[in-house]
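A.B. asks: Going by this note's numbering, the letters in the sequence shown line up with residues 150 to 448, in that order.
Think of the CB as a built atom: it goes at the ideal place given N, C-alpha and C, for glycine as much as any other residue.
Only a predicted model underlies this, so the values are computations on that prediction, with no experimental measurement involved.
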Amino acid sequence: MRIRATVAAVSGALALSVLAVPAAQADDSYRADVAKIRQAALAASGRAPEEGEPYALNVSFSNFKIAKAVKVGTTNHVSTTVTYTLTHGADVKIAAADFITDPYIYKGAFPSPENTLYGNKPAKCTATSATTANCKGTIDVYPGDHEIRNSDAGTWAAAAEATAFNGQDPAGETFDITKVGYQRKGGLATTLIQRNSQLTVNASPEPVKKGKTITVTGKLSRANWEDNKYHGYTNQSVKLQFRKKGSTTYSTVKTIKSNSTGNLKTTVTAAQDGYFRYSFAGTSTTPAVNATGDFVDVQ
150 MRIRATVAAV SGALALSVLA VPAAQADDSY RADVAKIRQA ALAASGRAPE
200 EGEPYALNVS FSNFKIAKAV KVGTTNHVST TVTYTLTHGA DVKIAAADFI
250 TDPYIYKGAF PSPENTLYGN KPAKCTATSA TTANCKGTID VYPGDHEIRN
300 SDAGTWAAAA EATAFNGQDP AGETFDITKV GYQRKGGLAT TLIQRNSQLT
350 VNASPEPVKK GKTITVTGKL SRANWEDNKY HGYTNQSVKL QFRKKGSTTY
400 STVKTIKSNS TGNLKTTVTA AQDGYFRYSF AGTSTTPAVN ATGDFVDVQ
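(1) Within this structure, are the beta carbons of G431 and T410 separated by less than 8 Å?
(2) Within 8 Å, do at least three Cβ pairs link the region 268-278 to the region 286-306?
(3) Going by beta-carbon coordinates alone, are V417 and V350 separated by less than 8 Å?
(4) How long is the line joining the alpha carbons of K403 and L337, rounded to whole angstroms?
(5) I'd like to confirm the pairing. Which residues does DSSP put opposite F444 in its beta bridges?
(6) Quick check on the DSSP output: the alpha helix (DSSP H) that includes Y179 runs from which residue to which?
(7) Measure the alpha-carbon distance for S385 versus P252 and round it to whole angstroms.
(8) Measure the C-alpha to C-alpha separation of G133 and W374 and round it to an integer number of angstroms.
(9) Taking just the CA atoms, how far does D318 sit from A189?
(10) Here's the rule: buried if 16 or more other CB atoms are within 10 angstroms of the residue's CB, otherwise exposed. What is A313?
(11) For a test of the three-state rule: what should DSSP assign to D251, helix, strand or coil?
(12) Considering only the alpha carbon of each residue, which of S407, R371, Y204, D422 lies closest to P436?
(13) Any idea what DSSP makes of N412, helix, strand or coil?
(14) Let's test the definition: count the other Cβ atoms within 10 Å of the Cβ of G367 and tell me whether it reaches 16, buried, or not, exposed.
(15) With distance defined between alpha-carbon atoms, name the residue in T232, K220, A279, Y204 nearest to G330.
(16) I'd like to know whether the C-beta atoms of I254 and A306 end up nearer to each other than 8 Å.
(17) Closer than 8 Å is the cut-off here; do at least three beta carbon pairs connect the region 212-222 with the region 233-243?
(18) Just to confirm, are K358 and A420 a CB contact at a threshold of 8 Å?
(19) So, under 8 Å CB-CB, L389 and T415 are touching, yes? Tell me the CB distance rounded to an integer number of Å.
(20) Assuming T364 is part of the beta strand (DSSP E), what are its boundary residues?
(21) So K256 and D301 are in contact, right, with Cβ under 8 Å, and what is the actual spacing, rounded?
(22) Report the option in T223, D325, L206 whose CA atom is closest to the CA atom of N345.
(23) Which of the three DSSP states is assigned to G431 in this structure?
(24) How many Å lie between A246 and G316 at the Cα?
(25) Three-state secondary structure (DSSP) at S278?
(26) Does the Cβ of N225 have 16 or more other Cβ atoms within 10 Å, making it buried, or fewer, making it exposed?
(27) Kindly list the residues whose CB is nearer than 8 Å to the CB of D325, restricted to its own chain and excluding five residues on each side of it in sequence; keep chain order.
(28) Using the Cβ count rule (16 or more neighbours within 10 Å means buried), how would you classify A441?
(29) Do K185 and S341 have their beta-carbon atoms positioned less than 8 Å apart in this structure?
This is the structure we're talking about:
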């Protein structure tokens, strides 16, 4: 069962809400157990643990690496790999079956983000010394299940957490949370979660006589994570570019803006055989994209 966890500040208290989505997507039943420990740890944040709370696990995280940007469309599952170094005390048994560490990313402030995304499974760690390990995990996104909203596009921060259950079963009658260790750290890196973009072009008429007018139309659109469709990206600067036949290089002819529905339209004078395309440089919320060139035969 995949879990989406969102932590928010409500009336001065930390609250944790958990949203389950289809189990077919991921075998991560461990998530609910970790969420229970995380919730208790958040309640103890900034003070010494009390009865009914996990103790501070002796681990730290560093060398966190994640893609600079992740393009997310409307329905397809997107996964990106992350790596980090886990440093731990000699008393922490990272090879134990019930030791779990996760990378995750969050939108907003740490430790009370607006949204959080995890991987389908815990990270896998390989010891490099008695107290260090290289860990590798994923961040998995399912836009079709409304894990993210359009407002979530942009910069996300990265974090990691570790939980040592030490033989304690959260579902057992004798579960003692004070024997469970938990630690996490935010601000380890940043990435852009972007609404995937699409760009089309059509140059006509084809063929065309030299000196005549060519009309070049197209559309710039991007993923909408709330209705899982692509919609026009309005009022954006887009370059019209041309590559003459036999060349591999495009040159910019002019720059225009998409209209209120994302459509593009301009005219040029036919001079020689070649390919026209539109090119969008991208924004923090939407990746750069080039349309596939449309060939025009000038006679």
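C.D. replies: Reading off the structure:
(1) no
(2) yes
(3) no
(4) 41 Å
(5) Y424
(6) 179-192
(7) What sits at residue 385 in the sequence shown is Gln, not Ser. If you take the alpha carbons of Q385 and P252, they lie about 35 Å apart.
(8) Nothing can be reported for residue 133, as the shown portion of the chain is limited to 150 through 448.
(9) 15 Å
(10) buried
(11) strand
(12) R371
(13) strand
(14) buried
(15) Y204
(16) yes
(17) yes
(18) no
(19) 6 Å
(20) 362-373
(21) 5 Å
(22) T223
(23) coil
(24) 9 Å
(25) coil
(26) exposed
(27) Q317
(28) The sequence shown places Thr at residue 441, not Ala. The residue is exposed, with fewer than 16 neighbouring Cβ atoms inside 10 Å.
(29) Inspection of the sequence shows that residue 341 is occupied by Leu rather than by Ser. Not closer than 8 Å, so no.
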